[in-house]
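Comments concern the structure below.
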Amino acid sequence: MAKTTWVSDADHSELGFSIRHLMITNIRGKFNSFTVEAETEDEDFMTAKVNVAVDVDGISTGNEQRDGHLRSPDFFDVDKYRYIKFAATKYENVDNDGSYNLYGDLTIRDVTKNIKLAVEFGGVVKDPWGNTKAGFTITGKINRKDFGLNWNAVTEAGGVMVSDEVKIHCEVQMLKKS
């Protein structure tokens, strides 16, 4: 089988997350700088070797003060741990509609844990300029404390400022290179 190389199309992809704030609403954010690379056998993504590198300095929640706090040692500590990394380790078919589970090693702050993500494969198409593209919707959740993201504060009523669970939501469009 032929090896096929794919790279993320940054203009048509988004790596996002949400987390409960004060346990009453969700705050959403995204990472503005990242690369996703995949190598498949032909166009079979169930065979893909996938590597993701996210530049944490590009975090954006729509609030510069909050973004600065997230870059600080209280959370991501960007000066010491600039990148979040993910490497696929296993695929598991869920059903025949292109959905599957993707397992992989996620590294945040030099802590690596194997996580499970749900992937909805959108298909492969040619765009109007002749480029071959593949699309994916990826969701999952992690416990931030598993990765050393421990900061929190107690509210006046005894609740917490930020939940431990972080929901992941990504829209990724891949461009076939070879």
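According to our numbering, the residues represented by the sequence shown are 3 to 180, in order. All residues carry an ideal CB built from backbone N, CA and C; glycine is no exception.
Span of the beta strand (DSSP E) around R30: T27 to F33
On the three-state DSSP scale, how would you describe F88? strand
Taking three-plus beta-carbon pairs below 8 Å as touching, is the stretch 144 to 151 in contact with the stretch 163 to 174? yes
Check this for me: beta carbons of V121 and L104, under 8 Å apart or not? yes
Please find out if some non-hydrogen atom of the ligand MN comes closer than 7 Å to the beta-carbon of D11. This structure does not include the ligand MN; it has no bound ligands of any sort.
Cβ neighbours of S35 in the same chain (closer than 6 Å, five flanking residues each side left out): D57 and G60
Looking only at its own chain, which residues have a Cβ that is under 7 Å from the Cβ of G31, when we skip the five neighbours before and after it? G18, F19, I61, S62 and T63
In three-state terms, what does DSSP make of R22? strand
Keeping to the same chain, check which residues put their C-beta closer than 8 Å to that of N1; ignore five residues upstream and five downstream. With the chain running from 3 to 180 in the structure shown, residue 1 is simply not present.
Could you tell me if W8 is buried or exposed, where buried requires 16 or more neighbouring beta carbons within 10 angstroms of its beta carbon? buried
Using 8 Å as the threshold, is the C-beta distance between M3 and E43 below it? yes
Got a sec, what are the start and stop residues for the beta strand (DSSP E) G106 sits in? S101 to I110
If you follow the beta strand (DSSP E) that H14 is in, where does it begin and where does it stop? Neither: H14 is in no beta strand (DSSP E) and is coded neither H nor E.
Whose C-alpha, out of E39, W131 and A12, is nearest the C-alpha of A89? E39
Can you name, in chain order, every residue of its own chain whose Cβ lies under 6 Å from the Cβ of T49, other than the five neighbours on each side? T42 and E43
For G137, which residues in the same chain have their Cβ closer than 6 Å to its Cβ, ignoring the five residues on either side in sequence? G124 and Q175
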